[in-house]
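Okay, so here's the structure we're looking at.
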Amino acid sequence: MSKAIQLKEQVVAEITEKLQKAASAIVVDYRGLKVEEVTELRKKFREAGVEYKVYKNTLVRRAAKQAGINELNDELLVGPNAIAFGYDDPVAPARIISEFMKSHPKLELKMGIVEGEFYDKTKVEELSKIPSREELIAKLLGSLKAPMSNFVYLLDALIKKQEEQA
965 MSKAIQLKEQ VVAEITEKLQ KAASAIVVDY RGLKVEEVTE LRKKFREAGV EYKVYKNTLV
1025 RRAAKQAGIN ELNDELLVGP NAIAFGYDDP VAPARIISEF MKSHPKLELK MGIVEGEFYD
1085 KTKVEELSKI PSREELIAKL LGSLKAPMSN FVYLLDALIK KQEEQA
């Protein structure tokens, strides 16, 4: 077996492993972005624990087939594509891409695989609007804290009123 074929098989195995391990994999078309813009995007991904890679479409198709993801096929994987793999937070790649697209319209969202389910462009855009886990926890804690705080303020007001009357 030639060395080139071995290298390609290694890359296919790597992509397959990432597709199986990742909570989400979002595919984007990065055409038209300047090097500085891609570097900025990669930095944002790194900060969020997201891996951003560019692979050949033929290798991604083979890996997707091995991973049991038949939606990543010849019809959808065309042109230059990059994949953002989110391991901890499945929403993070979609959120970062959507935010980045606001200031860089040349970046095009294509599709995604989130927890084994295929998402088209519109579903990924909807997914990106979900707040982060930390924000959701903060909102929940705020909701739980509000009634208790109101009760404490009420008790404090009653104590002050009684002190004024006495």
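So the sequence shown is residues 965 to 1130, counted in our numbering.
We treat Cβ as the ideally placed atom computed from N, Cα and C, and that holds for glycine.
Residues in its own chain within less than 6 Å of His1068 by CB, not counting five upstream and five downstream?
Within the same chain, Cβ atoms closer than 6 Å to the Cβ of His1068 are found at Glu1001, the five residues on either side in sequence being excluded.
Go ahead and pull the three-state DSSP assignment for Ile990.
In the three-state scheme derived from DSSP, where H, G and I count as helix and E and B as strand, Ile990 is classed as strand.
DSSP state of Ile1077 mapped onto helix, strand, coil:
Reduced to three states, the DSSP call for Ile1077 is strand.
Whole-angstrom Cβ separation of Ala1048 and Val992, contact assumed at under 8 Å?
Right, their Cβ atoms sit about 7 Å apart.
Beta-ladder partner(s) of Asp1084, from DSSP
Met1075.
May I ask you to list the residues that DSSP assigns as paired with Tyr1016?
Beta-bridge pairing links Tyr1016 to Ala1048.
On the premise that Asn1021 lies in contact with Val1042, defined as a C-beta separation below 8 Å, what is that separation, rounded to the nearest angstrom?
Contact between Val1042 and Asn1021 holds, since their C-beta atoms are separated by about 7 Å, short of 8 Å.
How many angstroms separate the CA atom of Ile1061 from the CA atom of Tyr1117?
Spanning the two alpha carbons is a distance of roughly 43 Å.
Using a Cβ-Cβ cut-off of 7 Å (strictly less than) and excluding sequence neighbours within five positions of Gly1076, which residues of its own chain qualify?
The beta carbon of Gly1076 sits closer than 7 Å to those of Ser988, Ala989, Ile990, Val991, Ala1058, Tyr1083 and Val1088, all from its chain and outside the five residues before and after it, given in chain order.
Reduced DSSP category for Ile1123 - H, G, I as helix; E, B as strand; rest coil
Note: Ile1123 maps to helix in three-state DSSP.
Looking at C-alpha atoms only, which residue of Ser1113, Val1078 and Leu983 is the closest neighbour of Lys1017?
Ranking the options by Cα distance to Lys1017, first place goes to Leu983.
To which residues of the same chain is Gly915 closer than 8 Å at the C-beta, ignoring the five residues directly before and after it?
Nothing about residue 915 can be reported from this structure: the residues present for the chain run from 965 to 1130 only.
If I follow the unbroken alpha helix (DSSP H) through Val1024, where does it start and stop?
For Val1024, the uninterrupted alpha helix (DSSP H) segment begins and ends at Asn1021 to Ala1031.
Would you identify the three-state DSSP class for Lys1008, choosing helix, strand or coil?
Three-state result, Lys1008: helix.
Compare the beta carbon distance of Lys1070 and Gly996 with 8 Å and say whether it is the shorter of the two.
Lys1070 is a Cβ neighbour of Gly996, given a cutoff of 8 Å.
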